[in-house]
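Q: Residue numbers (this note's numbering): 492 to 844.
Every residue gets a Cβ at the ideal spot worked out from N, C-alpha and C, and that includes glycine.
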């Protein structure tokens with residue numbers, strides 16, 4: 492059976508700007524200051540959710556690509572939150588088959604010990620999580636409960652702070668929009684989880700905490716590459732299919748990154764038939780990216796990670812960091828040792844197509 496890569500690089504060259512006032516202000520909660528903060532989020536791709544189960548164990552959020560997503564920050568102690576649950580259940584039931592997903596993210600401070608009981612009593616039919624250390628609430632500027640937001644099929648925020656009674660209208664509007672086209676192919680079905688790679692290839696090595704954190708990234712359906720301003724060629728499906736793909740997370744102000752450019756150029760040339768190298772530039776200093784490409788003679792495709800959304804999604808913790816995908820599009824080596832990039836290429840090339 493022919494398989495296309497599972498590495499779905501959704502390129503939002505310039506995330507569609509959705510004007511303030513797309514939906515009536517009367518549909519939202521919050522004073523002028525809060526509304527200003529929430530409106531500033533509209534049109535942007537949010538940071539990756541940091542979620543935990545009832546035992547505090549970090550867990551992965553469901554795959555949301557191509558779906559309209561309702562994000563409900565709630566608490567069992569919150570009367571308006573409980574009152575909104577029937578509407579969330581009804582929406583999930585009615586529109587699941589059209590691509591809606593409701594996510595319930597519970598307050599990390601209190602009340603989550605009652606979450607299972609509330610879910611049972613209210614016949615909740617959508618996934619529930621605990622906000623891991625309150626990080627997602629901070630990322631989403633939660634100022635009241637419930638704070639309800641909606642993402643469109645591209646993963647962009649379209650509304651934050653909705654009153655529960657108006658969520659349906661936003662959902663119905665966004666469900667009418669087409670799903671985005673993907674670079675890297677359609678999502679792959681029936682692709683098995685990847686086998687492990689030698690520890691010597693991983694920067695995390697035997698660092699258990701770092702390894703567990705990176706393991707939260709879905710290797711089969713990894714985060715989108717949300718970038719813009721390509722130089723040296725824009726990546727298309729035919730450029731990635733059947734290739735090993737290397738994301739080089741770098742910055743114009745990073746000495747070791749600049750020092751690595753000749754090595755990267757050499758690898759891109761040597762393995763041109765099998766490997767695609769992509770330089771993903773940090774937002775800070777990106778105004779110098781074009782100049783750096785010229786002056787340092789970078790030969791491989793380079794792009795700008797606006798607002799560092801991709802860097803955060805991949806949990807990059809240093810520069811340069813190399814994330815390597817196999818020929819099936821699976822993330823095989825998150826945070827490869829800088830000195831082992833060629834060894835990683837050779838390791839993956841030996842595997843079957």
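Taking the beta carbon of residue 816 as the centre, do at least 16 other beta carbons fall within 10 Å, making it buried, or is it exposed?
A: It is buried - the Cβ of residue 816 has at least 16 other Cβ atoms within 10 Å.
Q: By the DSSP assignment, the beta strand (DSSP E) with residue 594 in it spans what residues?
A: Run containing residue 594: 591–597, per the beta strand (DSSP E) assignment.
Q: Taking the Cβ atom as the reference point for each residue, do residue 619 and residue 709 lie within a distance shorter than 9 Å?
A: No; because the gap between Cβ atoms is not below 9 Å, this pair is not in contact.
Q: Comparing C-alpha positions only, which one of 668, 757 and 625 sits nearest to residue 642?
A: The candidate whose alpha carbon is nearest that of residue 642 is 668.
Q: Going by beta carbon distance, what residues of the same chain come within less than 7 Å of residue 796, once the five residues before and after it are set aside?
A: Once the five neighbours on either side are set aside, the close Cβ partners of residue 796 are 718, 771, 772, 773, 774 and 802.
Q: Does residue 715 come out as helix, strand or coil in the three-state DSSP assignment?
A: The answer is coil: DSSP assigns residue 715 none of H, G, I, E or B.
Q: Please state whether DSSP places residue 836 in a helix, a strand or coil.
A: Here residue 836 sits in helix by DSSP.
Q: Quick one: using the 10 Å Cβ neighbour count with 16 as the cut-off for buried, is residue 635 buried or exposed?
A: Its Cβ having fewer than 16 others within 10 Å, residue 635 is exposed.
Q: Nearest to residue 597 by alpha carbon, out of 605, 835 and 591?
A: Of 605, 835 and 591, the residue nearest in Cα terms is 605.
Q: Assign residue 832 to buried or exposed, taking buried as 16 or more other Cβ atoms, counted over all protein chains shown, within 10 Å of its Cβ.
A: It counts as buried.
Q: So, under 8 Å CB-CB, residue 740 and residue 630 are touching, yes? Tell me the CB distance rounded to an integer number of Å.
A: 20 Å between Cβ atoms; not a contact.
Q: When we look at the beta-carbon of residue 613 and count the other beta-carbons within 10 Å, is it buried (16 or more) or exposed?
A: By the neighbour-count rule (16 or more Cβ atoms within 10 Å), residue 613 is not buried but exposed.
Q: In the DSSP assignment, find the beta strand (DSSP E) that holds residue 640 and state where it starts and stops.
A: Residue 640 -> beta strand (DSSP E) spans 638–642.
Q: For a minimum of 4 consecutive residues, which ranges assigned as the alpha helix (DSSP H) are wholly contained in the stretch 734–810?
A: Fully enclosed alpha helix (DSSP H) runs of 4 or longer: 746–761, 780–786 and 800–804.
Q: What is the rounded straight-line gap between the Cα of residue 572 and the Cα of residue 566?
A: One C-alpha to the other measures close to 6 Å.
Q: So, is residue 827 buried or exposed, given that buried needs 16 or more other C-beta atoms within 10 angstroms?
A: By the 10 Å Cβ count, residue 827 comes out buried.
Q: What residue does the alpha helix (DSSP H) around residue 559 start on, and which one ends it?
A: Element bounds for residue 559: not the alpha helix (DSSP H) but the beta strand (DSSP E), 559–565.
Q: Hey, quick one: how far does the beta strand (DSSP E) through residue 825 stretch, first residue to last?
A: Note, residue 825: beta strand (DSSP E), 822–827.
Q: Near residue 586, which residues of its chain fall below 7 Å by C-beta distance, leaving aside the five closest residues on each side in sequence?
A: Cβ within range, chain order: 662 and 666.
Q: Identify, in the order they occur along the chain, each residue of the same chain with its Cβ nearer than 6 Å to the Cβ of residue 867, setting aside the five sequence neighbours on each side.
A: Here the chain has residues from 492 to 844 only, and residue 867 is not among them.
Q: Tell me, please, which residues DSSP counts as bridged to residue 519.
A: 653.
Q: What is the DSSP secondary structure of residue 542, reduced to helix, strand or coil?
A: Three-state DSSP puts residue 542 in a strand.
Q: So, under 8 Å CB-CB, residue 638 and residue 519 are touching, yes? Tell me the CB distance rounded to an integer number of Å.
A: With 8 Å as the limit, residue 638 and residue 519 do not qualify as a contact, their Cβ atoms being about 10 Å apart.
Q: So, for residue 550: in the same chain, excluding its five sequence neighbours on each side, which residues have a beta-carbon less than 7 Å away from its beta-carbon?
A: 542, 543, 544 and 620.
Q: Between the beta-carbon of residue 534 and the beta-carbon of residue 647, is there less than 9 Å?
A: Result yes, Cβ atoms of residue 534 and residue 647 sit closer than 9 Å.
Q: Which word fits residue 695, buried or exposed, when buried means at least 16 other C-beta atoms lie within 10 angstroms of its C-beta?
A: It is buried - the Cβ of residue 695 has at least 16 other Cβ atoms within 10 Å.
Q: Can you tell me where the alpha helix (DSSP H) holding residue 582 begins and where it ends?
A: Here the alpha helix (DSSP H) through residue 582 covers 570–586.
Q: DSSP three-state label for residue 812, please.
A: In this structure, residue 812 counts as strand in the three-state DSSP scheme.
Q: Does the distance from the CB of residue 762 to the CB of residue 653 come in under 9 Å?
A: Result no, Cβ atoms of residue 762 and residue 653 do not sit closer than 9 Å.
Q: When you compare only the Cα positions, how much space is there between residue 615 and residue 557?
A: Near 23 Å, if we compare the C-alpha coordinates of residue 557 and residue 615.
Q: Using beta carbons (cut-off 9 Å, strictly below), is residue 627 in contact with chain D?
A: Structure shown: chain D not included; a single protein chain is present.
Q: Assuming residue 766 and residue 737 form a contact by the criterion Cβ under 8 Å, report the distance between their Cβ atoms to the nearest whole angstrom.
A: Going by Cβ atoms, the distance from residue 766 to residue 737 rounds to 6 Å, so yes, they are a contact pair.
Q: List the whole-angstrom C-beta distance separating residue 559 from residue 659, where the pair is believed to meet the contact cut-off of C-beta under 8 Å.
A: About 12 Å; that fails the 8 Å criterion.
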